[in-house]
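Asks: Residue 82 in UniProt numbering sits at position 82 of the sequence shown; the count goes up by one each step and never skips. Quick one: the structure is below, questions incoming.
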Amino acid sequence: MITCVVTYTIDPDKIDAFEEFARAWMRLVDDHGGRHHGYFLPSEGASDQALALFTFPSLADYEVYRKGFGVDPQFIEADRIRDESGCVLRYERTFMRPLLPTDLDPED
């Protein structure tokens, strides 16, 4: 299992557009073999940082999902929200391996 953590720098004045963008991508990840764990939006502290976390069974499965970028009309539409609104100033992806409560030693 691989989890993608996306760290966004967003325009705080365009949070509504970012939420629209986020809702579109949550559906797309879930529709294309992954499991989206949600977007985490500013509340206290920095008002221009947001996170997204989603999981795919493997990096190979993630790569199949990525093949839709720039090709699949739904992917293009989701990116259009971001591009036309300017809600995302920059982002970076990090891949992590989760350690979950289900991974606890039975004796714990």
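Glycine is no exception: its CB is placed at the ideal position from the N, C-alpha and C atoms.
Hey, how far is the Cα of Asp11 from the Cα of Gly45?
Replies: Along the sequence shown, read from residue 1 onward, the residue named residue 11 stands at position 11. Along the sequence shown, read from residue 1 onward, the residue named residue 45 stands at position 45. Each residue's Cα considered, the two are about 15 Å apart.
Asks: I'd like the list of long-range same chain contacts for Phe75, defined as Cβ closer than 7 Å, with 5 residues on each side in sequence excluded.
Replies: For the purposes of this step, residue 75 is taken as residue 75 along the sequence shown, with counting starting at 1. Once the five neighbours on either side are set aside, the close Cβ partners of Phe75 are Leu28, Gly68 and Phe69.
Asks: Taking DSSP as the reference, what is the three-state secondary structure of Val71?
Replies: Start at 1 with the first residue of the sequence shown, and residue 71 comes out as number 71. Residue state, collapsed to three classes: coil.
Asks: With a cut-off of 8 Å on the beta carbons, I'd call Phe21 and Ala78 a contact; round off their distance for me.
Replies: The residue labelled residue 21 in the question sits at position 21 within the sequence shown. The residue labelled residue 78 in the question sits at position 78 within the sequence shown. With a Cβ gap of about 7 Å, Phe21 and Ala78 count as contacting.
Asks: Cα-Cα, which of Pro42, Asp83, Arg97 and Leu53 is closest to Ile2?
Replies: Numbered from its first residue, the sequence shown carries residue 2 at position 2. Ile2 has its Cα closest to that of Arg97, out of Pro42, Asp83, Arg97 and Leu53.
Asks: Name the two residues that bound the continuous beta strand (DSSP E) containing residue 109.
Replies: There is no way to answer for residue 109, as the model of the chain reaches only from 1 to 108.
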